[in-house]
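Novice: Protein chains in written order, with the working numbering: chain A, 72 to 386; chain B, 3 to 265; chain C, 12 to 1136; chain D, 3 to 314. First the structure, which I've put down as C-alpha cells, then a few questions once you've had a look.
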Amino acid sequence: MADQKSDNGGKGAPVPPGGKGPGVFAKWLKEQIQNLKGRVKEEGESLKRPEKTQLFKSMFRVKHDDSDRSRALGVLSNVFFHLHPAKINRDAVRYRFTWGMGGITFYLFLVLTLTGVLLMYYYHPTKGQAYQDIIYLMSDVPFGKLLRNMHRWAAHLMVITVWLHMFRVFLTGSYKKPREFNWCVGVVLLVLTLLLSFTGYLLPDDQLGFWAVTVGTTMAQNTPLLGSLGPLGRQLHITPYNDVRFALLGGSIVDANALLRAYIWHCIAIPIIASVFMGVHFWRVRKDGGISGPAPVMLASDMDKPVPPYNPPKM
Amino acid sequence: MTKHKLFWLPMALVLAAMVGCSGNKEATSEQPAPATSATAEAPPTPIDPSTVGEITGKISFQGEKPKPKPIMMDQDPVCVRAHQGKGASFEDGEVNANGTLPNAFVYVKAGAEKYTFATPTEQAVLDQKGCMYIPHVLGVLVGQDVHIVSSDPTTHNIHPMPKDNREWNESQAPGAPPIDKTFAREEIMIPVKCNQHNWMRAYIGVMKNPFFAVSGSDGSFTIKGLPPGDYTIGAWTATFGEQEQKVTVGPKEKKTVDFAFKS
Amino acid sequence: MPETPEKDPVISQSLAGYLFIAAVLLLLSLAWALWQEFFGIRPWKDYEREFVSRYSIYLHKQIPLQEKAEKEIENSPAYLTLQREYQDLEKSILPKRESLESETALIDVRMAGVLDRLTDVRSQVAARGYTIEHATADSTKKQALVEGDLRPFQATKYTLTLQSLEGPGKFDSVTLDSKGLEEELARLQTMKAQLQAREGDLLRPLSEKQKKIDDYLHTQLFVQNRLNGLSVDQLRGLIAKMQIFTIEIKQINNPDAVIVDRCESCHVGIREPLKLAPADLETSSGKPDVMSQAFVSHPDMELLRIHDPAKFGCSPCHNGNGMQVDSVTQGHGEYEHWLWPLYHKGNMEAGCQQCHASDMVLDHAPVLSRGKELFQWRGCVGCHRFQGYDPEPEDLAAIQQQVQQLEQDRENDQHGVERANHLGDIATDNESARRYYLQANELRVAISKIDQQIDLLDNRSADVMRDMKKVAPDLKEVRVKIHPEWLPVWLTNPHAWRPTTKMPRFRLDEDDVKQISAFIWQNGLDVKLPAQPMGDPKRGEESFKSRGCMACHSIGEGAAQEGGWFAANLSRVGEKDNYDYLVRWIHNPRERSAPYCPYEKRDLNPADYEKHGLPFVFDLDHNRCPNDGHVLEVEQMTVMPNLRLSWQEARDIAAYLETLKKEEPSSFAKVPWINDPKVAAGGRKAVGFYGCAGCHEIAGLETEGRIGTELTKEGSKPFEQLDFGLHVAEARDSGWYNHKGFFEHKLTRPEVFDDGYVTKTEDERTRMPDFFESMHDGTAQAVSVLNSEPVPESKKWSESDLSGADQEQINALTTFLLGAVSSKYPERYFYLPPDQRRDIQEGWWIVKKYNCMGCHQFTLDQESVVMNLPQFQTPEGKGQLPPRLVTEGARVNPEWLAKFLANPSLSDTDTDRDGVRSYLKIRMPTFFFSPVEIRKLVRFFQALSEQPMPYIPRKLEPLSTAELTMARALFTSQGAPCLKCHAIGLAEHDKNATAPNFLMAPDRLKADWVRHWILDPSMIDPGTNMPSNLFRHEGSRWVFAGPTPPSFKGYNGDHAGLLVRYMFEINSAEQQRLIQMTGGNLKPKLGASTTRLESSPKVRIAGGPRPSGRGRETLAPRGPAGPSR
Amino acid sequence: MDWHQLWEIVSTPDNVPIVALLFLVPFFAWLAWQQARANDQLIAQLEADPKLAKTAHRKAFPWKPGWPKEIQTWPYLMRVEFLAAIIVTVILIVWSITLNAPLEEPANPNLTMNPAKAPWYFLGLQEMLVYFDPWMAGVVFPTLIIVGLMAIPYIDTNPLGAGYYTINQRKHAIGAFCFGFFVLWITMIFIGTFIRGPSWMWFWPGQTWDPTRQIYETNRDLPDIFGITSMNGKMIFGAFAMALYFAVAGAFIHWLMTRTEFNRKIQKRMSLIQYLTVQFFLTTMLLLPIKFIIRRPPFRIKYIWITPWFNI
C-alpha cells in the first residue's frame, strides 16, 4: 500500500486560494473531491491483488505463481512445510500406496495437543475434583463435551492409524536399509502413543479408568526382579511399597498420587518425549531419502549387485 | 439398557400426567370455591307447586315394648326440681303408647339431588328445658340458623358431635343470650350432648332438601311438597337403627310409606 | 509439456471436487457441532423459554381474576373503613406536614447561603494552615506565623444576606467570622434534624395504617385461598421477573456439602410462590405435556422451607445426577453408570432416611415412617441388624463385657494393694513406707469405685433386660400354653390359619414341620399351672371390648375384622391356647414360669433357689440370680402390658377367648410323635438354620446371633452385588435390574432368586421366609402392581384382600431399604439435634415399640385404633376414649408423669383401677418401663410441648381468706359446673364422673396450662367433654360467665386465675369441706373412703406395681406344684 | 442368541474403534494385496525377460516418458495432505457429536468391575494372561514385542521388496509379521473385547454375559496328564517338554527358512546371531497359539513347565 501512496503523496494538499470568492472555492473543492475519488479507486483496485501488498509480501516472502522455483521456495522457505522436500517421487502422492497414515497420525497428534491443552484449563488432577471436572466439562463448558469426545476419539484413532502406518511400512519393506533406525524410532513412537493413551485413561477418575489402570499396573507388579509378585521379586525384598508398580502409581493403590503422576506423564512428559522422537522420525525420513516408495521393483537377479540401480539416496 | 430407559420415560409421563390431571381437578375446585359456596349461591330450582305430592306414614314398633329408662338427674338439683319430682326418662328407645315410635327422622335420602333450595330464613329452635333438649330430634337445612335457647336456671353446655361438620361446644349460663349456629354440610344425624348433663341428648339432621319429618307421639309423619319423582326414603332412629324404602311419587299423589322397627 | 502423449494423471488430476466436497462436509459438521452445542445438549433452554411464556400467560390470566377478588375486598366495609381512616389521618396531618416541610425548605436555603461562604473559608484556612505547618520546624516561628497570618484571616468578618427563617421572601443580613459561620451551620443542621424527626413522628401512623391496609388485603386473599394471598402487584412483579428472565443454567451450588444441582434449569417453577399444577402450565393447545409436568411447584413447600434448597440441593434427597442437564435421562441419572437414579415416585421418601436414620417417625414422610415401623414390627430386625433398631442385646453384651473387665481390674488392684502393703512393711525408711501405704489406700479407694461402677452396670443391665423385647412369643412356655396338635398346623402355613399374622411362612416340608414341632415341644419348660375355675365368657367379652385389648388385638376375620393390627388376631385363639395359661397371661403377661440367667445361660429352677435357702420368687424386685448375683431375666420379653385386672376379670376374658374358634382343637391331626426324641433330633438344626431364635425365646438358643445380613447400608450396596439369581436378563429387560426391583421382588417372594436353580442344596437356598404370600401370583404380575402408584395409606390390615395391605407394606419397606445408604451429605447434615428435638426422636421409638398410638393421639391427624372402634362412636363411647396427649407435656408435671408411667394406678395397694381416670372402662396398662424408657418418655412429652426440663413449678400467689371463700362459693355454686363431672372421691358421685379428681391437680398439672384449659378447652382438645366459654372477657380479665356468688361483688381479680390458684390448694380436707358445702346435692357420705386417693402416691418406679395377684390375691387358687410363690 | 447383549457390547463407545479395526485392517490388507499382486506380476514378467528388465519402468503405477519422475511438493503433495486433514477432521467431529466418550461411576476401589478390562489396545496382553503367568504376559511379552519389532530391520536380510508391495519376494517376512499382527495382536484384542465376559469367561458372541455362570474349569498341567506328581519330577518333565518344543519348532522354522533356493540364499546372508534371533522370536511367537489351543477344551492344560520360581 505504501508504494501507491507515495505516488499520490507527491501531489500534496494544495493550499486553498484564499479570499478569491466563493465560486473559486467551490471549484477548488470539486477538484479535491475528484482527486480523492481517483485515489480511492486506484487503491481499491490494488486490493484486488492482495499478493502485491506489502503485508502479504512481508509474510510469504516468495512469489505465488506456477513456476517451479516459486513452488519449491514455497515449501522450502516455510517453517511448517520445509520438512518436505521440494520435489517428491511422482507416485508418492498416492493414498493407495501410502495410506496417508503417518501424516494422519501426526495430524491427530496436533488435534490431540490442541484439544488436550484446552481440556487442561478445566481439569484438576485431584481425587474427587477430577470426576467433578469431567462432569462439569460435559455439561457446562462451552463445547466441552465436543472437546472431550474429540480428544478421546482422536486418541483411539491415533492408535489405529499408528498400527496401520506400521503395517504399511512393513509391507512395503520400508524399514530396509538405510531406514532401519527410523523404523526403530517408529516403534518407540508406537509405544509412546500407547502410553499416552493409557495414561489418559485414568484421568477422568472413573471406574473404567480406575480398573483399567489397576489391571495394567497389576501386570507391572509381576515384573521379574522389580515387581513384588514377579519371579525373584520376593527374593530381592521387593514389596508392594518399593516395586515398580509403586513407582508408577506413587503408592500401592491407584489413588491421588497415581492420578497426579498419570496427569504429568500424560500432559507433559510423554508429549515432550514423543515430540522429540517425532522430530527425529521426520528428520530421518528426509535424510534417509524421503519416503521409500513407490520404488521400482527389484529382481532376485539384481540381488548380488551392490547398489540398487535406481532411486539412490539424495542429499 | 437403553431400551427400557426409553420405556420408562413414557411410563413416567403417563404417571405424571395422571397425577397432573388429578392435581388439576383439585386446583380447579379450589379456585372457584369462594364463588360458589359463600358469595353467589345457585338460585333455587323452581318446583311447580301444582304438581307436588305428599308422603305420609307411620313408624311402628314390633316386639316387646321396652321399659322407659329413668334419668338420674341428682347430679344437678336444678334438673330434679324442674321435673317436680316426677322424674324423666330417656327419649332414646322410647315407644309410644300405641306401639309406635316417636322421634324417628324420616327424610328423602336420595332422589332430590337435582333440586336446590334457598336457605330458609326462619330459625330452627332447640330449647333446653328441664335439662332435656326440646325437640329431641330436629331437622334443619344446610346453612339454616339453629337457635339454641335455655329455659333452665342452670348452666348448659351445648356440644354437637358431628362427623362431617365442625365440632364445637359452648356453655350457656342461666340468662345467657341464645346461641345461633349453622351447619355447613349435610349430615345424618349429629348427636348433641351437654357437657354438663351427660344424659341430655338431641339429634340434628342437616339436610340439603326440606323433605323430612319427625314422627310424633302418634308415630306418624308427613313429608309435604314433594315434586313427582322416584325417591329413597330413610327412617332413622337413635336406638333401632335405620331403614329405607323406595317410593315413586306421581303428580299430586299422596303416598303412604310405613316403617316397622324391631327391638 | 507439448511432447507428452497423454496428460500426466498425477499432475493434471484436479482435486478441486474432492476438496470442495470435503470443505462442504467440514462446514456441515461444524454447523452440526454448533447446533448441538447450543440446542442439542441444552434442552433446558427450551424448558426455560417455555416456562417463561406459559407462566406469563398463566399469570396474565390470573390477574383479572385476582383483581376482581381484590376489588371485592377493597369494597368490603372493613377495607373501606381502613381506607377512610387512612385518608382522614392523611388529611389531619397535612397542614402540620406542610408547615414542617416549608420550614425545612427555609432552613435549606439559609444553610446553602452559609455553606456558600463557609466552603471557601474552610478551604482557605486549610491551605494556610498547611503552608504554616510545613514552612518551618520551629514552633515559635510557627506560632508567629499563626498569629500573623491565620488568626487574622479567621477573624475576618463577612457580611451575608441570608434567607430569614421567618418566612419566604424575607432576608436578614448577618456579619460573621469563620467561627460564627460554623456555629450558624451547626445550628441550622440541628434545627433541620429536629424538624425531620418531627415529620417522621407525624408520618409514622400513616405508614402503619398503610401496612395495615396491605396486610388486610393479603390476609383476605389468603383466607379465600386465592393464589397464596399474592396481590395483583405481586403477580405483576412475577410477570416482570419473567420479562427479565435470563435463559441460563439455574444452579444451586453449596460448596460446603459439594452439591451442584441444576435441576431448576428445567424444573423452573419448583420454588415459585404460587402453587402450580400441570394444568396451569399447559401447552398453547391446552394440553398438559412433559414440560407442564416439569414446571409444577414442589408438592410440599413446608418441606422445602425446612430444608432450604440453597443448602440441601435437590439430588441428595431425590437422587439423580444434579449436574447433568444435557438430557432428561442424564439429569435423572437413569443410565447405567449412575449409581443413584432418581427415586421412583412411590419411594420418594427414601431420600429422607440418610439424614433421619435416628428418627422413627417423620412428619413429612408417612411411607418411610411406615417402613421403619414395619421393619421392627414384622420382625425383620430378628434376623437383620439395622443400626438403631433393637440395640438392647448389644448393649447387654457390652455391659457384660465391661463388668468382666472391671472385675479383672478389681482383682489386679487387689493384688496391687497387697504388693504395696508388703513393700511398705519391708521398706527401709518411713518416708517410702508412708508412700507405699498411701499407694495401697489409693488402690483401695479405686476398688470401691469399681464396686460402685459394677453396681451401676448391674442396674443398667437390669434396665436393658427390661427393655429387651422379642417380636414373637416365648417358646419355652409352649407346653403350658398350647395344644401340641396345633403346632404342625401353624408351622405348615401360619397364613392359612391366621391370614393377618406377622409370622412368616417358612418353606418347610412335612419332616421339617414334625422335627421343629417336636423339638420346640420337648424343649419347653415342663411346669404345671394351677387350674383356674371357669370365668363368664359374656362378661369377658364385655371386658375385652371395653378394657382396651382391641387397641392392639383384633377379632374377626376378613371384612368382619375389628380392632388393632399391632398384636395378634384372636379370632381362633380358642383352638390353640390352654385356658389356665391364658388366665395367667391376661392377668400378667410378663409372668414367666422360670427366670433366665444370662451368665449361666439357662433357666433357673426351684432347686437353684432351694440350694441357697431362698423361696422360688422372682420378679422385678427379686431379679438377682441366687447363684452368681447377677441380674436375671424375670419377665416375658413381650411388649404386652399388664392391664391390672382382677383374677376374676382375667378368667372372664380368658373364658371368652376360649370360645373364639372356627373348629374344635380335637379336629387337628394327632401328634403321637411329639414326645419322640428321635423326631426332635433334627429340629435343633432346623430351628437354628431358620433363625427362629431371632424372634422367639427358645431354651438353649438365647444367645443365637442374627442370621441375616446387616441392612443399615443396604441401599448403598452396588446392585451388581445383589444376587438376582437367574433373573438377571429378565430383570434387565423388564427394567427392574436395580435396587428397587431387588427389594420388591425379594420381599414379595424371598425365594424368587433361587428360581430355576437345580443344583442348590436346601442349605444354599435363601432362608428368608415368605411374609407377603398374597402377592405370590407370579412374579410378573407382582412387578406390574409394584410399579404402579403407591397404595393409599387407608388400605390397612383389616381389608379382606390382603394383597393391598401387603403391597403397601412392601412399598414402605422398599422405601426404607432404598434410603438405607451412606449419605452424600457430610455427617453434620444428619438430623441429630442437640436440644429437645433429640428427646422427640428418642421418644418415638418407645411410642412405636409399645404401640401407644393404639389408644392415644399424639397429633390430631394421627388416629388411634380405639377411636375407630364401633363401641367408641356414640357420644357416650367418645366420652370413654383414652385422653388425647396432644399437649401432654404442657399439661402435666414431668415428675408426676414419671410416677404415673411407672404405675398408672398410682397406688401400691389398689391396683385394679386407673389412677387418674377411674371412670374410664378402658385402662392405661402398666408397661413395666425401665427408668431409662420412663425418662425418655417424660422428656419426649415435655419436648413435644416445648417445655423446659427440669420442670420448676411457678409459684402461685396464695389465696387470701376472702378469695378462698369466693373460690369455694364458686366451686359449689349452681352456675359452676366443676363438681358435676369431676370425681370427688365419693363412689356414689364418681360413678357418673367424667373427669379426674381435683385432688391430683397440685401434683399433676401445670398451672399455666390449667388456666388456658379452663378458658377454652376445645382449643386444646377439640371435642372434649370439658365445657367451653365458661369465662368471658371483661376488660383485661376473665370473668365467670355464669351467675357468680354474691361474694364476688366488687372483686376485680381474674376469675380464671382465682380458680386455678384454688385448684392448686385443694387437699383432701378442702375437698371434704366442698362436699359438705354442696349440702345434700352431692350426697356426701361422711367418712366415705376419701383416703382412697393418696394425695402424693408413693410409687416405686423400680419395681412397678405389684399386681394384686402376686401372692396377695386370696382368691387365687394355688396348686401345690404351681409356680406361685 | 442374545442380540441385546451383542448390541450392547458392540455399541459400547469404547469398543467402536475395535469394530472399526475389524473393517479397516481387512480393507488395507486387501489394498496392499492388490498392489502386491500387480507388482508380483510385473516382477514375474521382468524376471522372465531380463532385457525388458533393463529398460522397463519398474512400477505397477503407470508412467509414460515425458512425465516428470518427480513432482513439486507444492501443490501436488500438499493438497493431498490438506484433503486428508479435512476428511479426518470431519470424521472426528461427526464421531464426537454422535458418540459420547464414556464416563462411568466415580472410581471406587471397593467395587470391582466385572469384568475389569484394560484399555482395548492392551486387551491382547490381558488375554495372554490366560495362557501365561502375569510376568510373562504383562512384562516379558510386551518387551519381546517391542524388541522384536525393533529387531526386524536387522534380522531381515532379504534386500528385495524395499519400497513396494510384494508377497512373492518376502513370503516369510510378511507371513511372520501378519501372523503376529493379525493373529497374535488383533485377534487377541477381538477376543478380549467381544468374547471375554464377566470373570474373564469365554462367551461366544451372542451368549448372555452372566456373571454367575458356572463353567467347568480345571487347572491341570501337562505333567499331571502323565501322572507326574512330585515337584521335581514336574520341573524336569516340563523342562524336557519345553526343550522338545523348542527343538521341534526350531527344526520346523529351519525347514521353512531353507525350503526354497531363494530362502536358502537369504538364510546364507544371515550371521549366526541373526539366525538365532530369528529362531528365538519365531519359536516364542508360535508358543502362544499352541498354548492357546491346549488351554481350550478338550485339552484344558494350564502349564507345561512348572518350577518353584516361574511357570510356563
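Quick reminder that beta carbons are idealized off the backbone N, C-alpha and C, glycines included.
With 8 Å as the threshold, decide whether the Cβ of residue 644 of chain C is near any Cβ in chain A.
Specialist: Along the third sequence, read from residue 1 onward, the residue named residue 644 of chain C stands at position 633. Chain A, which has no Cβ nearer than 8 Å to the Cβ of residue 644 of chain C, makes this no.
Novice: With DSSP as the reference, identify every bridge partner of residue 869 of chain C, one or two as the case may be.
Specialist: Residue 869 of chain C sits at position 858 when you count from the first residue of the third sequence. Answer is none; residue 869 of chain C lacks a bridge partner.
Novice: Could you check the C-alpha separation between residue 262 of chain B and residue 231 of chain B for me, to the nearest Å?
Specialist: One-based indexing of the second sequence puts residue 262 of chain B at position 260. One-based indexing of the second sequence puts residue 231 of chain B at position 229. Approximately 24 Å, taken between the alpha carbons.
Novice: Here's the rule I'm using: 16 or more other beta-carbon atoms within 10 Å means buried, otherwise exposed. How should residue 16 of chain D be labelled?
Specialist: Here residue 16 of chain D is taken as the residue at index 14 of the fourth sequence, counted from 1. Buried: at least 16 other Cβ atoms inside 10 Å.
Novice: Is residue 41 of chain D close to chain A? Criterion is C-beta to C-beta, closer than 8 Å.
Specialist: Indexing the fourth sequence from 1 puts residue 41 of chain D at position 39. Closer than 8 Å: yes.
Novice: Below 8 Å on C-beta distance, what does residue 1040 of chain C contact in chain B?
Specialist: Here residue 1040 of chain C refers to the residue found at position 1029 of the third sequence. 172, 173, listed in chain order.
Novice: Can you have a look at residue 781 of chain C and say buried or exposed, based on whether 16 or more other CB atoms are within 10 angstroms of its CB?
Specialist: Position 770 of the third sequence holds residue 781 of chain C. Counting Cβ neighbours within 10 Å, residue 781 of chain C comes out buried, since at least 16 surround it.
Novice: Within the chosen definition, does the stretch 625–634 of chain C reach the stretch 908–918 of chain C through at least 3 CB pairs nearer than 8 Å?
Specialist: At 8 Å Cβ cutoff, the stretches do not touch.
Novice: How many angstroms separate the CA atom of residue 241 of chain C from the CA atom of residue 95 of chain B?
Specialist: The residue you call residue 241 of chain C lines up with position 230 of the third sequence. The residue you call residue 95 of chain B lines up with position 93 of the second sequence. Each residue's Cα considered, the two are about 55 Å apart.
Novice: From the beta carbon of residue 213 of chain A, is the nearest beta carbon of chain C less than 8 Å away?
Specialist: The residue labelled residue 213 of chain A in the question sits at position 142 within the first sequence. Yes, residue 213 of chain A counts as interfacial toward chain C.
Novice: Count the other CB atoms, across all protein chains shown, that sit within 10 Å of the CB of residue 1069 of chain C; report buried if there are 16 or more and exposed otherwise.
Specialist: As a first step, residue 1069 of chain C is located in the third sequence; it is residue number 1058 there, counting from the start. So residue 1069 of chain C counts as buried.
Novice: Confirm, please, whether the CB-CB distance from residue 142 of chain A to residue 74 of chain D is below 8 Å.
Specialist: Locating residue 74 of chain D in the fourth sequence gives position 72, counting from the first residue. Locating residue 142 of chain A in the first sequence gives position 71, counting from the first residue. Yes, they are a contact pair.
Novice: How about residue 98 of chain D and residue 181 of chain A: do their beta carbons lie closer than 8 Å?
Specialist: Residue 98 of chain D sits at position 96 when you count from the first residue of the fourth sequence. Residue 181 of chain A sits at position 110 when you count from the first residue of the first sequence. Cβ distance not < 8 Å, so residue 98 of chain D and residue 181 of chain A don't count as in contact.
Novice: Let me check understanding here. Comparing Cα to Cα, which of D/251, D/311, D/265 lies closest to residue 172 of chain D?
Specialist: For the purposes of this step, residue 172 of chain D is taken as residue 170 along the fourth sequence, with counting starting at 1. The shortest C-alpha separation from residue 172 of chain D is found at D/265.
Novice: Compare the C-beta of residue 312 of chain A with all C-beta atoms of chain C and state if any pair is closer than 8 Å.
Specialist: Taking the first residue of the first sequence as position 1, residue 312 of chain A is located at position 241. It does not; no Cβ of chain C falls within 8 Å.
Novice: State whether the stretch 945–965 of chain C contacts the stretch 897–909 of chain C, with contact taken as three or more CB pairs (one from each stretch) at a distance under 8 Å.
Specialist: Verdict: yes, contact present.
Novice: Answer yes if the stretch 358–368 of chain C comes into contact with the stretch 815–834 of chain C, meaning at least three C-beta pairs across the two stretches below 8 Å, and no otherwise.
Specialist: Judged by Cβ distances under 8 Å, the stretch 815–834 of chain C makes contact with the stretch 358–368 of chain C, as three or more pairs qualify.
Novice: Starting from residue 141 of chain B, trace the alpha helix (DSSP H) both ways and give me its first and last residue.
Specialist: Counted from its first residue, the second sequence places residue 141 of chain B at position 139. No alpha helix (DSSP H) contains residue 141 of chain B, which is instead part of the beta strand (DSSP E) from 139–143.
Novice: Residues of chain D with CB under 7 Å from residue 155 of chain A, in chain order?
Specialist: As a working mapping, residue 155 of chain A is identified with position 84 in the first sequence. Residues of chain D passing the Cβ test: 75, 79.
Novice: Residue 164 of chain A touches chain C at which residues, Cβ-Cβ below 7 Å?
Specialist: Counting from 1 along the first sequence, the entry for residue 164 of chain A is found at position 93. Chain C residues near residue 164 of chain A: 21.
Novice: Run down chain A in chain order and give the residues with a C-beta less than 9 Å from the C-beta of residue 416 of chain C.
Specialist: For the purposes of this step, residue 416 of chain C is identified with residue 405 of the third sequence, where counting begins at 1. Correct list: empty, because the minimum Cβ distance to chain A is about 37 Å.
Novice: Closest Cβ-Cβ distance between residue 198 of chain B and chain C: below 8 Å?
Specialist: As a working mapping, residue 198 of chain B is identified with position 196 in the second sequence. Answer yes: the Cβ-Cβ gap between residue 198 of chain B and chain C drops below 8 Å somewhere.
Novice: Please look up how many angstroms separate the CB atoms of residue 261 of chain A and residue 34 of chain D, rounded, as I've assumed it's under 8 Å.
Specialist: As a position in the first sequence, residue 261 of chain A is number 190, starting the count at 1. As a position in the fourth sequence, residue 34 of chain D is number 32, starting the count at 1. So it is not a contact: roughly 19 Å between Cβ atoms.
Novice: Using the beta-carbon count (16 or more within 10 Å), is residue 994 of chain C buried or exposed?
Specialist: By one-based count along the third sequence, residue 994 of chain C stands at place 983. That one is buried.
Novice: Could you tell me which chain C residues have their CB closer than 9 Å to the CB of residue 210 of chain D, listed as they occur along the chain?
Specialist: Working through the fourth sequence from its first residue, we reach residue 210 of chain D at position 208. Within chain C, the residues near residue 210 of chain D are 739, 740.
Novice: Just mark residue 275 of chain D as buried or exposed, buried being the case when its beta carbon has 16 or more other beta carbons within 10 Å.
Specialist: Taking the first residue of the fourth sequence as 1, we reach residue 275 of chain D at position 273. Exposed: under 16 other Cβ atoms inside 10 Å.
Novice: Can you look up residue 307 of chain D in the DSSP assignment and give me helix, strand or coil?
Specialist: Within the fourth sequence, residue 307 of chain D is the residue found at index 305, counting from 1. Correct three-state label for residue 307 of chain D: coil.
Novice: Helix, strand or coil for residue 171 of chain C? Go by DSSP, reduced to three states.
Specialist: For the purposes of this step, residue 171 of chain C is taken as the residue at position 160 of the third sequence. Looking at residue 171 of chain C - three-state DSSP - the assignment turns out to be strand.
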